[in-house]
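In the numbering used here, the protein residues as written are 77 to 485. For reference, the structure discussed in these notes is given below.
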Amino acid sequence: MNDSTILIVEDSAAQRAVLRQFCQNAGFQHISEAENGRAALAAIDASGQAADILICDLEMPEIDGIELINLLSARQISSALIIVSGRERSLLSAVELMASTEGLYVLGSLQKPVQESCFRQLLYQSCQSWLSSKRGGVKQTELQLTKEQLQQALNDRRFVLHYQPKIDFASAKLIGAEALVRLQTAEDDQLIFPNDFIPLCERFGLIDELSYQVIELAIAQQQRWVAAGLDLTLSINLSAYSFEQPEFSARVIALIKDCAVPPNSLIFEVTETGVIKDIGRALAILTRLRLFGCGLSIDDYGTGYSSVKQLSQIPFTELKVDRSLIHGICGKPHLQVIFESTLSMCQKLGIELVAEGVERPDDWRYLLQAGCNTAQGYLISPPLPEQRFSQWVAAGMTFLSQVGEKGQS
Ligand code: C2E
Ligand code: MG
Ligand code: MG
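Structure, rendered in structure tokens:
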């Protein structure tokens with residue numbers, strides 16, 4: 077981590093000096109400074125690359141923090157962002173949400189005067205999660221994939237699944253996993269993330285073929301876990317575009333029946349319900365899957381893609397609260413109010429609540445005492461390929477020591 081580069085964007089020279097000292101104390105050596113957004117952009121443009129970590133004040137002359145975030149997003153800068161400001165917590169959270177919606181990786185925000193202990197905690201905990209998400213040979217695509225390349229990848233069956241554990245808070249036991257698809261490149265076996273190909277598959281009309289391949293892989297995995305005596309639910313992401321195919325549910329049900337996997341061990345996750353054109357057709361597909369016994373989950377809850385309206389229309393069995401409402405929740409009373417009312421709503425509706433993107437032990441402890449059902453996030457484990465997932469289970473789920481649990485019985 078000490079090799080990482082840091083850029084401090086802050087108009088007060090005194091504040092810059094304090095932040096530089098904190099970074100040095102934390103073991104960072106490559107630290108640069110800019111006195112406002114314009115100077116920061118000039119430095120980024122001149123060097124041709126952005127720092128690994130960007131510490132950004134909000135109120136600055138010329139280009140302020142908000143505008144800088146917009147401009148960084150337009151340049152597709154992949155720095156991890158720490159926001160510092162003397163303004164109120166709810167305002168900082170709003171800027172965090174804005175920055176993540178714009179596609180930046182937000183480590184968190186700190187109120188001024190910045191406490192060194194809080195600064196260090198944020199740097200260490202979040203940086204480790206961030207770096208672990210960037211490691212593992214995952215490739216950032218510079219080139220947009222073409223329809224032909226994606227079709228070829230489907231023909232060659234180069235899509236693979238990684239599995240991220242889901243943990244029951246009360247017992248700290250592994251209860252399930254989410255299947256997350258990656259594309260293996262033909263040339264060098266590197267992996268490409270779904271955000272770089274799912275929207276393209278949707279645009280090129282290849283998403284159904286991809287969904288069927290993913291479901292086949294997931295069901296085959298579930299068969300192997302059942303055979304190995306591992307009793308887990310397996311969550312599969314579906315694209316809302318698939319709901320335009322009336323025969324979708326029949327094909328999926330046939331696949332599940334063929335493999336004799338218990339339907340109630342599969343959960344289908346749905347995001348972006350807002351793009352569903354024909355709600356009647358989508359309801360026919362989703363209610364059929366639910367009648368067959370599969371679980372239905374509303375993903376990324378709270379991001380605007382999925383909302384309370386969809387909850388009232390579709391028979392969901394699970395709700396996944398998005399990372400933007402979970403990250404740093406232990407220190408954000410206004411997020412706690414939103415979370416606790418969502419939890420109470422879920423309890424009354426008989427829906428399981430999953431907290432997504434749990435990265436910090438203090439957030440885990442808050443969520444546990446608040447009564448949240450299930451946790452998923454880098455604190456527990458990043459998504460892992462099959463073999464490493466099995467090793468992680470066999471090794472006794474190494475995250476438990478971090479959250480002060482005794483371990484599985
Ligand atoms: P999602 O379903 O909300 O999945 C969670 C994403 O958050 C995953 O990214 C996961 O790696 C990441 N994540 C998990 N824990 C943490 C954490 O603690 N911190 C942070 N910052 N991130 C965390 P991934 O694998 O890149 O997937 C991105 C999205 O792509 C998924 O979001 C899902 O919407 C979509 N996707 C993934 N697999 C499939 C698929 O098979 N079919 C379809 N249609 N969409 C998929
Ligand atoms: Mg999901
Ligand atoms: Mg999600």
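Note that beta-carbon positions come from the ideal geometry of N, C-alpha and C, so glycine has one too. Remember, it's a predicted structure, so these values are computed and weren't measured experimentally.
- As for any beta strand (DSSP E) of minimum length 3 sitting wholly inside the stretch 371-441, the runs are 371-377, 394-397 and 428-431, ordered along the chain.
- Counted as a single uninterrupted DSSP element, the stretch harbouring Ala-156 is not any alpha helix (DSSP H) but the beta strand (DSSP E) occupying residues 156-161.
- Unbroken alpha helix (DSSP H) runs of no fewer than 4 residues, entirely contained in the stretch 144-201, are found at 165-177, following chain order.
- Leu-83 is a Cβ neighbour of Ala-119, given a cutoff of 8 Å.
- Across the set Ala-122, Asp-121 and Leu-130, the C-alpha of Leu-130 shows the shortest separation from the C-alpha of Glu-109.
- As the crow flies, the alpha-carbon of Tyr-239 is around 23 Å from that of Leu-276.
- Short note on Asp-133: C-beta not closer than 7 Å to any heavy atom of ligand 2.
- Rounded to whole angstroms, the gap between the alpha carbons of Met-473 and Pro-241 is 10 Å.
- Of all alpha-carbon atoms in Leu-144, Ala-127 and Glu-285, the one lying nearest the alpha-carbon of Gly-113 is that of Leu-144.
- Residue state for Thr-474 is assigned as helix, using DSSP reduced to three classes.
- Taking Ile-312 as reference, the option from Ala-303, Ala-296 and Leu-306 with the minimal CA-CA separation is Ala-296.
- In the displayed model, Thr-450 falls within a strand according to three-state DSSP.
- In this structure, Glu-254 has its beta carbon less than 7 Å from a heavy atom of ligand 2.
- Beta-bridge pairing by DSSP links Thr-309 to Gly-252.
- When C-beta atoms of the stretch 334-347 are compared with those of the stretch 381-399, three or more pairs fall below 8 Å, so the two segments count as touching.
- In the DSSP annotation of this structure, Asp-121 is not part of any beta strand (DSSP E); the continuous alpha helix (DSSP H) holding it starts and ends at 113-123.
- For Gln-298, the closest of Ser-287, Asp-79 and Asn-340 by C-alpha to C-alpha distance is Asn-340.
- Excluding sequence positions up to five before and after Tyr-377, its CB lies within less than 7 Å of the CB of Leu-395, Lys-396, Val-397 and Asp-398, all in the same chain and listed in chain order.
- Comparing C-alpha distances from Ser-88 to each of Ser-123, Glu-135 and Ser-80 shows the shortest one belongs to Glu-135.
- Within its own chain, the residues whose Cβ lies closer than 7 Å to the Cβ of Phe-273, once the five positions on either side in sequence are excluded, are Leu-221, Leu-226 and Leu-259, listed in chain order.
- In the structure shown, the three-state DSSP call for Leu-282 is coil.
- Residue pairing from DSSP places Glu-345 in a beta bridge opposite Asn-313 and Ser-373.
- Setting aside the 5 residues that flank it on each side, Lys-408 is surrounded in the same chain by Arg-165 and Ser-169, each with a C-beta closer than 7 Å to its C-beta; the list follows chain order.
- Linking Asp-438 to Ala-446 through their CA atoms gives a straight-line distance of about 12 Å.
- For the pair Phe-319 and Asn-449, the CB atoms are not nearer than the 8 Å cut-off.
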